Amino acid sequence: METARPVAKGGLTARDAWGAQRVLVWAPRVGAAAVLAALVTLPPHLGYFNQIFLSEILVWALFAMSFDLVYGYTGLLSFGQSLFFGAGGYAVAMGVSRMDLSALPCLGLAVAVGAALALVVGFVAVRVSGIHFVLITIIFALIGFLVAQRWVWLTGGDDGMTFACPPLVLGGWEVSIAKPIRGYYFTLAVVCAGALALARLVTSPLGRVLRGVRENELRMGLLGYDERLYKLCAFVVAGATAGLAGGLFAILSRFSNPAFLHWTTSGKAVVWTIVGGPGTLAGPALGTALLMMIEHLARRVMQGSELVVGAILIVSVLVAPQGIVGMWRKWVRARERK
Amino acid sequence: MRRNQPTRPQGVTRREFLTRTAAGAGVLTASSLGLTRFAWGSPKPIVLGLHADITGVAATYGYWFQRVVKAAVDKVNAEGGIAGREVKLVVADTASSAETGPRNLRQLIYEDEADFVIGSVHSGVVLASAPVAQETNTFYFSGGAMSASITGEKASPYLGRCHTHARMQAQVGWKWAFDNLGKKWTFVVADYSWGRSLAQEFGARIRKAGGEVQVIKAPPRTSDFIPYLQKVHGDSEVLFTAFLGSAALGVMRQSVEIGLHERMKRFSVICTADGIGMDQIGKEAVGMHFLSYHPRYLDQLPEAQRPYEAAFRKAVGVTPEGRDVSNPKKVIVGSHYWSGWEYVGLIKRAVEASGWRSKKDNKEFHKAFFNLKVQAGPWFPQGDLMLREEDQQGFHNHYLVRVEKDLRLHRIAVLPKEQAVYEPPVDLKKYWT
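Chains as they are written, first to last, in the working numbering: chain A, 33 to 370; chain B, 735 to 1167.
Dropping the structure here:
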């Protein structure tokens, strides 16, 4: 004999609601695992160009995540990320061409340079907020750009620096990462490590404090948190991550150039993050992948592909102001409330 | 009876339609096999990539390079291709960006399988593309980029250039200007590598000859030049300016506004005014001297070259006055775009001389290409050209032109290519042996 099933609000049974919630909670994890599995298994079957293009998307996704840490989690709109990205690129270029370092020490140098510069910029910038913070980060990025342009003896000026691909040395084992597929797996490993570190940070107590600063800085201060110190902390970690992304990009392209230090490079991270969903880490990665692919395809068939990106940004802001991932989360919460 | 007879359709019957269509298709196919030079079963085409600045700051150049290279590929195919192989043109946009440029170059080489690439006018893009060219063993030819380092300190085995650059311009142009314009020079230049290197290269030669040099640097997008021009020494004899776009027009106009044109000769390289009509600048341009790399007007070329230049212009769609046939408002970037045409001619000669069949034969191609010495002809309307193997650089004639009251650029001297030669700063022969 069939027993009557308890009916929850909205016409769903309790089991249905629990099942839906379970699916919605697990869906992102399953999705992330599927994406990672695809990123690991598919590239050998793709052409060289797609392997390199995927590597680039991963690097820029890490860059966008670094921006998200200061913007999405801490509430600071920074246009200074390009400074740390570009400096990371130069750190690798100098590490290879002047110090003969292998890939990992070069990346270590890029992280250190990114963090050190972020400490200097952040020390000044976190003392102000709002538009003044934005302006200060733009000014620092411009200073970095001009220095890279003018200190020709150090940076090669407008011509930038070109160098050979450094090898990967682990213990006594040395391998070339110049081939696209090897470069891809190296990039994937480093980006995954960087993304996991950021994910660990935003789910830690420190991450919760950062969100508290974003939501109500005054209240956090009254609760005894030194909000400036926490903002500086987020800024330095984001700077180090941007430096890492810049270093990786330089290894992939064997090239560094002052253009990467210009604040407009940060503008790309802003767009990718807003479209993907700020304050989510997955959002900036998704936004980067989507927009880079769309822009690349658009450039193949039309002139002015930037217009396509602009149109997507406008639609995104109007339809999904929280970004794609933010909209998805909103939908999940609405289902949970039901 | 008429009514019982099978009715004749107004047009054609289905059978007639099918028969005629099949016959027509057969005739067309047969005739096309006879008319086209590259029939089914021909050897694999040679893929020529054009890495053009279609969008971004150098888009004017990208527009003209597309026109020129497409016309050159049409010509080479009409004449039987290269070594009997059809040339297929594939185009990618650099977006005038050192980030996007290399990515799209990879697509051009990996996906579209470009065998050779005619590249960007943007030095940053060219240098960023060098590692891609080397990783893919694909020759990349600079399409008008002016940084001396491309074939100098930052030379790369797969980078080549047949046209002028900042160091060559100083080498070929300084003496004439020093002798004819004056010994005391003031440089007002854009504060980035192109402007600085022009001041440095010209300045070093002028100082060495006993002249005096003053250098004033201004941001590349300066709109108000008065504070900079007021610093110009009163006894200067030559005012050398180097800016691009609206800043180039600004510095020319404002130098007249404060009367410098009456006290000193004004001199620049044609890069500052290429693609800009002198009528757009106005009377402030009168008296300007430019070092040109290829005259804008057909009648300013040496007489022997004019038939080749006329044919080149006809193929591209350019008037004798240097304007777009379909849109006379558009002025050619005449000192830059000719290299796109000549690269096709040079590649044809080098492939046919070396027996190049694929990238496996790059060494032989390199030897043939960078030892070419060609004379003015249908493929070389700019004039005689010689390439040097050490730094993979070409040398050609330059011209001195002056803007007269009719707002036209008048040729006042031809500077021979031998005068443009300088010591090779690198030796890439070692890489290829």
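Positions of the beta carbon are idealized from the N, C-alpha and C atoms, including for glycine. Remember, predicted model here, so these are calculated numbers, not experimental data.
Compare the C-beta of Q934 (chain B) against all C-beta atoms of chain A and say whether one is closer than 8 Å.
No, because no Cβ of chain A sits closer than 8 Å to the Cβ of Q934 (chain B).
Less than 8 Å between CB atoms is the rule here; does Q1109 (chain B) satisfy it with respect to chain A?
By this cut-off, Q1109 (chain B) is not an interface position.
Nearest CA to the CA of T1053 (chain B): which residue from B:E847, B:P1029, B:F1104 and B:E1037?
T1053 (chain B) has its Cα closest to that of B:P1029, out of B:E847, B:P1029, B:F1104 and B:E1037.
Neighbour list for A119 (chain A) in chain B, Cβ cutoff strictly below 8 Å
What A119 (chain A) touches in chain B: nothing, since even the nearest Cβ is about 16 Å away.
Reduced DSSP category for G358 (chain A) - H, G, I as helix; E, B as strand; rest coil:
Residue state, collapsed to three classes: helix.
Suppose you measure from the CA of G944 (chain B) to the CA of E1157 (chain B); what does that come to, to the nearest Å?
Roughly 22 Å between the two C-alpha positions.
Delimiting residues of the alpha helix (DSSP H) encompassing K909 (chain B):
Counting along the chain, the alpha helix (DSSP H) containing K909 (chain B) begins and ends at A900 to N914.
Which same chain residues, not among the five before or five after L932 (chain B), have their C-beta less than 8 Å away from its C-beta?
Here the set comprises A900, Q903, A904, F921, V923, F974, A976 and V1003.
Of all the CB atoms in chain A, is at least one closer than 8 Å to the CB of G858 (chain B)?
At least one chain A Cβ lies under 8 Å of G858 (chain B).
Give me, in chain order, the residues of the same chain whose beta-carbon lies closer than 6 Å to that of S208 (chain A); leave out the 5 immediate sequence neighbours on both sides.
Contacts found: P199.
Which of the residues in the segment 263 to 292 of chain A, read from start to end, lie with their CB under 8 Å from any CB of chain B?
Per Cβ criterion, the list reads S285, R286, F287, N289, A291 and F292.
For the alpha helix (DSSP H) holding D1013 (chain B), just list the boundary residues, first then last.
Where D1013 (chain B) is concerned, the enclosing alpha helix (DSSP H) stretches over M1012 to I1015.
Quick one, are the C-beta atoms of D1125 (chain B) and V1160 (chain B) less than 8 Å apart?
Taking 8 Å as the Cβ cut-off, D1125 (chain B) and V1160 (chain B) qualify as a contacting pair.
With distances taken between CB atoms, is the gap from G239 (chain A) to Y80 (chain A) smaller than 8 Å?
No, they are not a contact pair.
Could you spell out the range, first to last residue, of the beta strand (DSSP E) harbouring M325 (chain A)?
That residue, M325 (chain A), is in no beta strand (DSSP E); its alpha helix (DSSP H) goes A314 to V333.
Mind checking if D190 (chain A) is an interface residue toward chain B, Cβ cutoff 8 Å exclusive?
At a cut-off of 8 Å, the C-beta of D190 (chain A) has a neighbouring C-beta in chain B.
Using 8 Å as the threshold, is the C-beta distance between V153 (chain A) and F172 (chain A) below it?
Yes; because the gap between Cβ atoms is below 8 Å, this pair is in contact.
What does the alpha-carbon distance come out to for the pair G1128 (chain B) and K909 (chain B)?
Using only the alpha carbons, I get a separation of about 21 Å.
Below 8 Å CB to CB, which residues in the same chain sit around N838 (chain B) once its five sequence neighbours on both sides are set aside?
H785, A826, D827, T828 and A829, listed in sequence order.
From B:E1018, B:R1136 and B:H1100, residue whose alpha carbon lies closest to that of N871 (chain B):
With distances taken between CA atoms, N871 (chain B) lies nearest to B:H1100 out of B:E1018, B:R1136 and B:H1100.
Can you tell me whether DSSP reads V349 (chain A) as helix, strand or coil?
Helix, per DSSP.
DSSP state of I1146 (chain B) mapped onto helix, strand, coil
Per DSSP, reduced to three states, the secondary structure at I1146 (chain B) is strand.
Based on the DSSP secondary-structure assignment, which residues constitute the bridge partners of R895 (chain B)?
Paired residue(s): B:Q1127.
L782 (chain B) at chain A interface by Cβ criterion, 8 Å
Not closer than 8 Å to any Cβ of chain A, the Cβ of L782 (chain B) fails to qualify, so no.
Under the three-state DSSP convention, the category H856 (chain B) falls into
In this structure, H856 (chain B) counts as coil in the three-state DSSP scheme.
Given 8 Å as the limit, is there contact between the segment 797 to 816 of chain B and the segment 1066 to 1078 of chain B, that is, 3 or more CB pairs closer than that?
Short answer: they touch.
6 Å CB neighbourhood of I1146 (chain B) in its chain, flanking five on each side removed
Cβ within range, chain order: L1134 and R1136.
DSSP state of K918 (chain B) mapped onto helix, strand, coil:
Correct three-state label for K918 (chain B): strand.
Report the rounded CA-to-CA distance for V803 (chain B) versus D191 (chain A), giving the unit in angstroms.
Looking at the two C-alpha atoms, the distance is approximately 26 Å.
Span of the alpha helix (DSSP H) holding K1048 (chain B)?
Under the DSSP assignment, K1048 (chain B) falls in the alpha helix (DSSP H) whose first and last residues are R1040 to V1050.
Could you check whether the segment 129 to 138 of chain A touches the segment 260 to 269 of chain A, counting it as contact only if at least three pairs of C-beta atoms, one from each stretch, sit closer than 8 Å?
With the cut-off at 8 Å, the segment 129 to 138 of chain A and the segment 260 to 269 of chain A do not touch.
Measure from the alpha carbon of D100 (chain A) to the alpha carbon of each residue in A:A125, A:L68 and A:T312, then state which is nearest.
Of the listed residues, the one whose Cα sits closest to D100 (chain A) is A:T312.
Hey, T1006 (chain B) and A982 (chain B) are a contact pair by Cβ (cut 8 Å); roughly how many whole angstroms apart?
Yes, they are in contact, since the Cβ atoms of T1006 (chain B) and A982 (chain B) sit about 4 Å apart, within 8 Å.
Under 8 Å, with one C-beta from each stretch per pair, do the segment 883 to 891 of chain B and the segment 1077 to 1090 of chain B reach the 3-pair mark?
With contact defined as three or more Cβ pairs closer than 8 Å, the segment 883 to 891 of chain B and the segment 1077 to 1090 of chain B are not in contact.
Counting contacts by CB-CB distance shorter than 8 Å, is T194 (chain A) in contact with chain B?
T194 (chain A) counts as touching chain B.
Using a Cβ cut-off of 8 Å (strictly closer), state whether R939 (chain B) contacts chain A.
Under the 8 Å criterion on CB atoms, R939 (chain B) is classed as non-interfacial with respect to chain A.
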